[in-house]
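Q:
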Amino acid sequence: MPKQINVALIGNPNTGKTSVFNHLTGLNQQVGNYPGITVEKKEGICKLPRNLKAHILDLPGTYSLNASSLDENIVIELLLNKNDKDFPDVAVVVSDVENLKRNLLLFTQIKDLGIPTILVINMADRMERKGITLDVELLEKRLKTKIALISARKKTGIEELKELIVNYRNITLEPCVNASTIAPDYFDALRKAFPNQSLYKLWLVITQDVNFGNLNRIEIEKASDFETKKKSDLKRLQQKETIVRYQFINGVLKETFKKDINAATDLRSKLDKILTHQVWGYFIFFGILLLMFQAIYDWSSYPMDLIDSTFAFLGEWSKSILPEGMFTNLISEGIIPGLGGVVIFIPQIAFLFLFISLLEESGYMSRVVFLMDRVMRKFGLSGKSVVPLVSGTACAIPAVMATRNIEDWKERLITILVVPFTTCSARLPVYLIIIALVIPDERFLGIFNLQGITLMLLYLLGFGASVFSAWVLNKILQIKSKNYFVIEMPDYKLPLFKNVAITVIEKTKAFVFGAGKIILAISIVLWVLASYGPGDNFNNAEKIVTEQFGNELSTQEFENHVASVKLENSYIGIMGKGIEPIVQPLGYDWKIGIAIVSSFAAREVFVGTLATIYSVGSDEEKTIKNRMAAEVNPILGGPLFNFASGISLLLFYAFAMQCMSTLAIVKKETNSWKWPALQLIFMSGIAYVAALAAFQFLK
Amino acid sequence: MKFTVASLQKGQKGIIKKFSNDDIPLKLLEMGCLPGNELELVQTAPFRDPMYLNINGSHLAIRKETALLIEIEVVE
């Protein structure tokens, strides 16, 4: 088998690099992480002419080889390390015909590294509409490269690009800009000290904080017998380098690139007038948010109900066809409901990513960031935190993943830490049943339903808590961050169906296989804890119920009572009794204690657990509700679920960090157990204090 | 008084003269914000922050603190 050609796709953000990647690889791609960090690594295989194959690596978008974020660092580290297994045989720089000038900056830098470099000029289909003419032949000559003029939208030019990749050896390695002109003496000294190294590579190593191979910055500084430069001098030289490169590019484009301004139809400025308007811009943004919520809550409820009933059926069915025994119970009561708990979130997550990817692909997201930046900055967040906070109302897991494009680490960290306060959909079932129990179904001022107002207040409370804690964290966290906020406002584009579809599929897959493993594991543990117990009471539950009630019970009632006794004496029941002293001051009994403990895995488990504890076989809310309403507080007397304990529970669920999957994803994204641990301790601490205060004050 | 991007009116154009200090983010230069280039203030968010600029065909938004560092000469 012939060797695969290693290809690295490099380019500015918003050039359609990912579309080119999708065209080259199709669904033949995989998304992973670079070792140790959470930057996404996208790679795929592409079939080339003459039975050759290429391994395509889609590197994160970057404006230059001077890194200012984690994503950009990846590009430099790879390009400077010849020993990396992904080191490209050929670099493909993707550019956008309308922003060619800016895109060429990166191209000239990569070319100077002595890597064979192909230039892709994308969005060729827009040239005519924008009045652009291009002398490709002359441009190839000036830039000393081969150019593929393609349109990812119209799928033209892809085969030509593949042909160029096959023949990458024909491309000259000569650089097009001589960077050493910015400081000839300095570069001469460098060359003498390291005669075997590429000069531009040395320069990059000196100015960046990256290592390559066996050579790092400190060593260069030590080994050199010439005077090292101060940081500020180096910075000035970097600026000079950028200017020199632009001078070269301007010269080249003057000869090869013509734009007839009259032919340009300006959709951008028309749309921007409305979409970034100081008043209308916000109206439109909130309108879009409303639509998103509608989709996430309402539209996805149909597939979710279907999934729910399918898994309930599967559980029953597996029980009926498999031989009775422990193993069957594990499958039908542990694994299948556990899987269901993962799969049920797929519709919401898919809808969420559908919207986010549409907004991003169209170029609208940058406008939202622009509109919201100043407001968010007051709280130590960034305009780029809006997307995660909005997503958090569906589910904190994709929301935490959506923080990746925030360059500033402090702003990103704060966003990750506060996102779980927003009212996610898993809190909804808990809120609904408690509100139905303790808030009267009456109208306030004739129009407002008290229960509806309570729910809305809980949403506001969640959002308020996240913004307020962001403000506090901003004051406390001593993280020096040097990143400036610069955001490109790309052209508006009609989203490409293929890109949107691939994003939705990939993100959903990442959720199911990433977070899914943890949810599944915990539900199995919970099942074991609830299905086994020490001592005789657990094993003799049937006998105890028979002794207590005689034979008057129907089969259904009998089974419910047995389940209830078993739960009380199971490991989890014993744990519930164990924590009773802790939850009593909040107005709860041991049964609510169990429900809280079990819902530390996932909040929505609360209702299900209570349903089992109150020995209700079916999931009908009315029955659970009546049962819960009839419960008596063992110490204070009176109904267990009254206004005080109800508000206390609502507050507890509003603040508590009860989602293992979120903790797991925060660990993954921050690469440390420190942050999820802090989240767990602080959020649950606040929850406890708030619930305690509410109950003691209201009782 | 120095005239900077922060004092431009919407729709007004200017030529970039220089940067008030060396702390200017390199990223800005790389995106085409270089001395000699023409820029236009396209739109501002409320309180004139951030500011949405068109620098020689490159469209980007920066915060006011950064805009204050870019000295310009106004062209009508």
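Protein sequence lines correspond, in order, to chains A and B. Using the UniProt record's numbering, you'd call the opening residue of the first sequence number 1 and step up by one each time. Using the UniProt record's numbering, you'd call the opening residue of the second sequence number 1 and step up by one each time. Using N, Cα and C, we set each Cβ at its ideal position, and we do this for glycine too.
(1) Are the C-beta atoms of Lys17 of chain B and some chain A residue less than 8 Å apart?
(2) Taking the alpha carbon of Phe682 of chain A as the point to measure from, which residue in A:Phe697, A:Trp280 and A:Val418 has its own alpha carbon closest?
(3) So, with DSSP's three-state summary, where would you put Asp96 of chain A?
(4) Which of helix, strand or coil does DSSP assign to Glu174 of chain A?
(5) Would you list the one or two residues that DSSP bridges to Ile132 of chain A?
(6) So what's Ser570 of chain A in DSSP terms, helix, strand or just coil?
(7) Indicate the three-state DSSP secondary structure (helix, strand or coil) for Val616 of chain A in the structure shown.
(8) For Leu164 of chain A, name the three-state secondary structure that DSSP assigns.
(9) Short of 6 Å in beta carbon distance, which residues of its chain neighbour Lys622 of chain A, apart from the five on each side in sequence? Order them along the chain.
(10) Using DSSP's beta-bridge definition, name the partner residues of Ser672 of chain A.
(11) Keeping to the same chain, check which residues put their C-beta closer than 7 Å to that of Asp185 of chain A; ignore five residues upstream and five downstream.
(12) Taking the Cβ atom as the reference point for each residue, do Gly16 of chain A and Asn122 of chain A lie within a distance shorter than 8 Å?
(13) Taking buried to mean at least 16 other C-beta atoms within 10 Å of its own C-beta, is Arg603 of chain A buried or exposed?
(14) Which word fits Thr181 of chain A, buried or exposed, when buried means at least 16 other C-beta atoms lie within 10 angstroms of its C-beta?
(15) Where Ser615 of chain A and Met489 of chain A are concerned, what is the direct C-alpha to C-alpha distance, given to the nearest angstrom?
(16) What residues of chain A sit near Val42 of chain B, judged by a beta carbon separation below 7 Å?
(17) Can at least three beta-carbon pairs, one atom from the segment 364 to 375 of chain A and one from the segment 633 to 653 of chain A, be found at a separation below 8 Å?
(18) Just reading off the beta strand (DSSP E) that Leu60 of chain B is part of, what are its end residues?
(19) My output table needs one value for Ala601 of chain A: the three-state DSSP class, helix, strand or coil.
(20) List the endpoints of the continuous beta strand (DSSP E) containing Tyr52 of chain B.
(21) Whole angstroms are fine: how far does the CA of Ala595 of chain A sit from the CA of Thr670 of chain A?
(22) In whole angstroms, what is the alpha-carbon distance linking Asn66 of chain A and Glu160 of chain A?
(23) Smallest Cα separation from Tyr688 of chain A: which of A:Ser309, A:Arg377, A:Leu586 and A:Trp673?
(24) Could you check what DSSP says for Thr4 of chain B in three-state terms: helix, strand or coil?
(25) Leaving out five residues on either side along the sequence, give the residues of the same chain with a beta carbon under 8 Å from the beta carbon of Ser570 of chain A.
(26) Strictly under 8 Å for the Cβ-Cβ distance: is Lys13 of chain B near chain A by that measure?
(27) Our contact map puts Lys146 of chain A next to Glu174 of chain A with C-beta atoms below 8 Å; I'd like the distance itself, whole angstroms only.
(28) At the 8 Å Cβ level, is Ser385 of chain A part of the contact set with chain B, yes or no?
(29) Since Lys699 of chain A sits in a beta bridge, which residues does DSSP pair it with?
(30) For Leu199 of chain A, name the three-state secondary structure that DSSP assigns.
(31) Counting only C-beta atoms, is Lys27 of chain B closer than 8 Å to chain A at any point?
(32) From the DSSP output, which residues share a beta bridge with Val486 of chain A?
(33) Assuming Asn633 of chain A and Asp589 of chain A form a contact by the criterion Cβ under 8 Å, report the distance between their Cβ atoms to the nearest whole angstrom.
(34) Is Ile243 of chain A close to chain B, meaning its C-beta is less than 8 Å from at least one C-beta of that chain?
(35) What residues from chain A crowd round Ile72 of chain B, counting only those whose CB sits closer than 8 Å?
(36) Since Val94 of chain A and Leu9 of chain A are thought to touch, with beta carbons under 8 Å apart, how far apart are those beta carbons, to the nearest angstrom?
A: A quick look at the data gives this:
(1) At a cut-off of 8 Å between C-beta atoms, Lys17 of chain B does not count as an interface residue with respect to chain A.
(2) For Phe682 of chain A, the closest alpha carbon among the candidates A:Phe697, A:Trp280 and A:Val418 is that of A:Val418.
(3) Strand at Asp96 of chain A.
(4) coil
(5) A:Lys259
(6) coil
(7) Below a pLDDT of 50, predicted positions are generally treated as unreliable, and Val616 of chain A, at 42, falls in that range; the measurement from the model is reported next regardless. It is coil, neither helix nor strand.
(8) Here Leu164 of chain A carries a helix assignment [DSSP, helix/strand/coil].
(9) Confidence is the limiting factor: at Lys622 of chain A the pLDDT is only 47, short of 50, which leaves the residue's position unreliable and the question unanswerable from this model.
(10) None; Ser672 of chain A has no bridge partner.
(11) none
(12) By the CB criterion at 8 Å, Gly16 of chain A and Asn122 of chain A fall inside the cutoff.
(13) buried
(14) Exposed is the call here.
(15) With a pLDDT of only 48 at Ser615 of chain A, under 50, the local geometry of the prediction cannot be trusted, and the value read off the model is given with reservation. Cα-Cα distance, rounded: 58 Å.
(16) Asp272
(17) Contact between the segment 364 to 375 of chain A and the segment 633 to 653 of chain A is not established, with fewer than three Cβ pairs separated by less than 8 Å.
(18) Ser58 to Ile62
(19) Three-state DSSP puts Ala601 of chain A in coil, outside helix and strand.
(20) Where Tyr52 of chain B is concerned, the enclosing beta strand (DSSP E) stretches over Met51 to Ile55.
(21) 30 Å
(22) 31 Å
(23) When C-alpha distances from Tyr688 of chain A are compared across A:Ser309, A:Arg377, A:Leu586 and A:Trp673, the shortest belongs to A:Leu586.
(24) strand
(25) Same-chain partners within the cutoff: Leu529, Ala530, Ser531, Tyr532, Gly533 and Phe538.
(26) no
(27) Under the criterion of beta carbons closer than 8 Å, Lys146 of chain A and Glu174 of chain A do not qualify as touching, at roughly 13 Å.
(28) Among the CB atoms of chain B, none fall inside 8 Å of the CB of Ser385 of chain A.
(29) Lys699 of chain A is not bridged to any residue.
(30) helix
(31) Yes, its Cβ sits closer than 8 Å to a Cβ of chain A.
(32) B:Ile62
(33) 7 Å
(34) So yes, Ile243 of chain A belongs to the interface.
(35) Within chain A, no residue comes near Ile72 of chain B; the closest Cβ sits about 17 Å away, beyond 8 Å.
(36) 6 Å
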